[in-house]
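Visitor:
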Amino acid sequence: MDISLLVTILIIFVAALVGSYLRSRQRDRCLKSFDGFHIFVEMKDGRVIWGTMSLESTGMELLYRDSVRDGQHIETSYILYKEEYGNIQAIYRYLDQLTPENIERRNRDLERSFHPGLLRRLGRKIRDFISTAGDSLNDALNLVMGRVRAPAAQVITDTSQKYLTKVGKNIIGYVGTRYDPLLERYVGSRVVVEVVEQGTVYEYVGVFKEYSADFLEVLDVFRPERHTVTVSAEEPEKVYEDMKLRLRDGALTLHNRRVQPVLLEQLVCGDHERVLNVVLDPDQEVTFELSTNAESAQVQFKVVRRVDMIVPRAHALVRHRAEREEPGTLFDIGIALQWTNEAARREQELRRLLKRDPTDALSANALAGLLIQRGEWEEARRILMQALTYRDKLPDHGKWAQQQLQRVEKELQVLRQPV
Numbered sequence: 090m091d092i093s094l095l096v097t098i099l100i101i102f103v104a105a106l107v108g109s110y111l112r113s114r115q116r117d118r119c120l121k122s123f124d125g126f127h128i129f130v131e132m133k134d135g136r137v138i139w140g141t142m143s144l145e146s147t148g149m150e151l152l153y154r155d156s157v158r159d160g161q162h163i164e165t166s167y168i169l170y171k172e173e174y175g176n177i178q179a180i181y182r183y184l185d186q187l188t189p190e191n192i193e194r195r196n197r198d199l200e201r202s203f204h205p206g207l208l209r210r211l212g213r214k215i216r217d218f219i220s221t222a223g224d225s226l227n228d229a230l231n232l233v234m235g236r237v238r239a240p241a242a243q244v245i246t247d248t249s250q251k252y253l254t255k256v257g258k259n260i261i262g263y264v265g266t267r268y269d270p271l272l273e274r275y276v277g278s279r280v281v282v283e284v285v286e287q288g289t290v291y292e293y294v295g296v297f298k299e300y301s302a303d304f305l306e307v308l309d310v311f312r313p314e315r316h317t318v319t320v321s322a323e324e325p326e327k328v329y330e331d332m333k334l335r336l337r338d339g340a341l342t343l344h345n346r347r348v349q350p351v352l353l354e355q356l357v358c359g360d361h362e363r364v365l366n367v368v369l370d371p372d373q374e375v376t377f378e379l380s381t382n383a384e385s386a387q388v389q390f391k392v393v394r395r396v397d398m399i400v401p402r403a404h405a406l407v408r409h410r411a412e413r414e415e416p417g418t419l420f421d422i423g424i425a426l427q428w429t430n431e432a433a434r435r436e437q438e439l440r441r442l443l444k445r446d447p448t449d450a451l452s453a454n455a456l457a458g459l460l461i462q463r464g465e466w467e468e469a470r471r472i473l474m475q476a477l478t479y480r481d482k483l484p485d486h487g488k489w490a491q492q493q494l495q496r497v498e499k500e501l502q503v504l505r506q507p508v
């Protein structure tokens, strides 16, 4: 038998084994650091799935801590396939929920990532080089395949050559990733990440740990979470997320028991809806007067949680280097990508209220928030100044307005810089 035939068959056999092994081992670099941790996966449609991640090359399984009964069966896990990764909004790891063992695991991972040894640094440089030189390596692979095929044209068909080329590309793709020299210099630094959420761009500040072809990983992020709580005559007192609410004698009292500030966004009582934009400091209490016959009240507020997060690069990017966290960025309003009919209706109503009563500081606060979302910095500054003129009428004495004014001044300063 011709030796070239045996060599060709051996090459195909070995390539198939190597390709299969590498495909089974290929896992996203960012997702891999969350493997074995209890995480929360937020989908673009608003669903939230949680469990302990078990990551494989074809997807992830989230193992529930407790079994869940659903209809006629009991569920113990949720499987998210790799093809569904495009539906992910973000993945969160809450630092206040980590066990001592997982805190130690996280610290070891950070130490390896930010203070790598010689071999780890060398491995990263090799991987980045292969990623950068991927096209050239693929061309070289095609050249080699042409040389191999020449003496064994009867054995290596066009289909076989395509298969071997694909295997070679898989090997190159396994070793490398989309190397980005711009992002590489920010690994280990504090950065500002812009994330699109439901048509609005929000900014998050954290330590940039890693990136892959599909994801960005950012640590130590102070992330606002929105909650809605209702108190009623049947249940006039509630404690939720360390926020105490009490409905009594036509008034609603809120007490912040958390160690972080809370942003009171909205108050709904019957058919009346009031935008608040009030910052409640730790151990601070505020009371809102309602109608004397109010039987229930609903409050929407944001609390700050410290998280590690992974976001898809399809709707997130690193925008700035950040030296420190600014107080005003804890509750980022965001920039709206599209102005909705509801937002336009609210803006018109707030302008009407302010025209009727220029001293209505709460309405001025709410209108300024809408203007900031639209990027109307000059008018937002004017309305915030109007709110601060009557700060005594604001439950937080203008703290939120002052924080937003600082942000608006920075944006205006950038716009006024000569090109």
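All residue numbers for the sequence shown refer to my numbering, where the first residue is 90 and numbers rise by one. Where is the CB? At the ideal position from N, CA and C, for every residue including glycine. These numbers were taken from a predicted model, which means no experiment stands behind them.
For residue 403, count the other beta carbons within 10 Å of its own beta carbon; 16 or more makes it buried, fewer makes it exposed. Which is it?
Guide: Classification for residue 403: exposed.
Visitor: For residue 179, which residues from the same chain have a beta carbon less than 6 angstroms from its beta carbon, with the 5 sequence-adjacent residues on both sides left out?
Guide: The residues are 131, 398, 400.
Visitor: Using the Cβ count rule (16 or more neighbours within 10 Å means buried), how would you classify residue 449?
Guide: Counting Cβ neighbours within 10 Å, residue 449 comes out buried, since at least 16 surround it.
Visitor: Take the Cβ of residue 488 as the centre, count every other Cβ of all protein chains shown within 10 Å, and call the residue buried at 16 or more, exposed below.
Guide: Buried.
Visitor: What distance in whole Å lies between the Cβ atoms of residue 289 and residue 462, which are believed to be in contact at a cut-off of 8 angstroms?
Guide: Rounded, the Cβ-Cβ distance is 7 angstroms, consistent with contact.
Visitor: With distances taken between CB atoms, is the gap from residue 439 to residue 426 smaller than 9 angstroms?
Guide: In this structure, residue 426 does not lie closer than 9 angstroms to residue 439 by Cβ.
Visitor: For residue 297, which beta-bridge partners are listed by DSSP?
Guide: 307, per the DSSP bridge assignment.
Visitor: Short check: CB of residue 36 to CB of residue 369, under 9 angstroms?
Guide: With the chain covering 90 to 508 only, the question about residue 36 has no answer from this structure.
Visitor: Look at the Cβ atom of residue 320, then the Cβ atom of residue 405, and state whether they are nearer than 9 angstroms.
Guide: Result no, Cβ atoms of residue 320 and residue 405 do not sit closer than 9 angstroms.
Visitor: Spatial neighbours of residue 182 within its chain, please: CB distance less than 7 angstroms, with the 5 preceding and 5 following residues excluded, ordered by chain position.
Guide: Closer than 7 angstroms at the Cβ level, and outside the excluded window around residue 182, lie 123, 126, 128, 396, 397.
Visitor: What are the boundary residues of the alpha helix (DSSP H) that includes residue 355?
Guide: Careful: residue 355 lies outside any alpha helix (DSSP H), inside the beta strand (DSSP E) at 351-358.
Visitor: Between which two residues does the alpha helix (DSSP H) holding residue 492 run?
Guide: Note, residue 492: alpha helix (DSSP H), 488-505.
Visitor: Measure the C-alpha to C-alpha separation of residue 326 and residue 333 and round it to an integer number of angstroms.
Guide: Between residue 326 and residue 333, the C-alpha separation is close to 7 angstroms.
Visitor: Bridge partners for residue 142 per DSSP, in chain order?
Guide: According to DSSP, residue 142 bridges with 151.
Visitor: Within its chain, find whatever has a CB closer than 7 angstroms to the CB of residue 330; leave out the 5 residues flanking it on each side and keep chain order.
Guide: Taken in chain order, the residues that qualify are 316, 392.
Visitor: Residue 263 to residue 120, Cα distance in whole Å?
Guide: Low per-residue confidence applies at residue 263: pLDDT is 43, beneath 50, and the placement is therefore not dependable enough to give any value.
Visitor: Under a three-way DSSP split, which group does residue 366 fall into?
Guide: Of the three classes helix, strand and coil, the one that applies to residue 366 here is strand, per DSSP.
Visitor: Within 10 angstroms of the Cβ of residue 485, are there 16 or more other Cβ atoms? Answer buried if so, exposed if not.
Guide: By the 10 Å Cβ count, residue 485 comes out buried.
Visitor: Please confirm if residue 279 has its CB atom under 9 angstroms from at least one CB of chain C.
Guide: In summary, chain C is missing from the structure at hand, where a single protein chain is found.
Visitor: Spatial neighbours of residue 498 within its chain, please: C-beta separation below 8 angstroms, excluding the five flanking residues on both sides.
Guide: Within the same chain, residue 498 has close Cβ partners 470.
Visitor: Under the DSSP definition of a beta bridge, which residues are partnered with residue 386?
Guide: The partner list for residue 386 (beta bridge, DSSP) reads 320.
Visitor: Would you give the residue range spanned by the beta strand (DSSP E) that residue 165 belongs to?
Guide: 162-170 is the extent of the beta strand (DSSP E) around residue 165.
Visitor: Between the C-alpha atoms of residue 454 and residue 490, what's the straight-line distance to the nearest angstrom?
Guide: C-alpha separation (whole angstroms): 7 angstroms.
Visitor: Please classify residue 452: is it buried, with 16 or more other beta-carbons within 10 angstroms of its beta-carbon, or exposed?
Guide: Buried is the call here.
Visitor: At the level of alpha carbons, what is the spacing between residue 134 and residue 286?
Guide: Looking at the two C-alpha atoms, the distance is approximately 10 angstroms.
Visitor: Starting from residue 453 and walking both ways along the alpha helix (DSSP H), at which residues does that stretch end?
Guide: Start and end: 450-463.
Visitor: If residue 407 sits next to residue 305, beta carbons under 8 angstroms apart, how far is it from one beta carbon to the other, in whole angstroms?
Guide: Their Cβ separation, rounded to whole angstroms, is 7 angstroms, which keeps residue 407 and residue 305 in contact under 8 angstroms.
Visitor: Determine the closest residue to residue 276 out of 283, 284, 295, with distance taken between C-alpha atoms.
Guide: Closest option to residue 276, Cα to Cα, is 295.
Visitor: Nearest to residue 421 by alpha carbon, out of 293, 175, 318?
Guide: For residue 421, the nearest C-alpha among the options comes from 293.
Visitor: Could you tell me the boundaries of the beta strand (DSSP E) in which residue 345 lies?
Guide: Where residue 345 is concerned, the enclosing beta strand (DSSP E) stretches over 340-345.
Visitor: Going by the beta-carbon positions, is the gap between residue 271 and residue 297 smaller than 9 angstroms?
Guide: Cβ atoms of residue 271 and residue 297: not closer than 9 angstroms.
Visitor: For residue 141, which residues from the same chain have a beta carbon less than 6 angstroms from its beta carbon, with the 5 sequence-adjacent residues on both sides left out?
Guide: Excluding positions up to five away in sequence, the list reads 127, 152.
Visitor: Within a Cβ cutoff of 6 angstroms, which residues of the same chain sit near residue 431, ignoring the five residues on either side of it in sequence?
Guide: Here the set comprises nothing.
Visitor: Could you spell out the range, first to last residue, of the beta strand (DSSP E) harbouring residue 509?
Guide: The chain is shown from 90 up to 508; residue 509 falls before or after that span and cannot be answered.
Visitor: Strictly by DSSP, which residues pair up with residue 270?
Guide: Residue 270 is not bridged to any residue.
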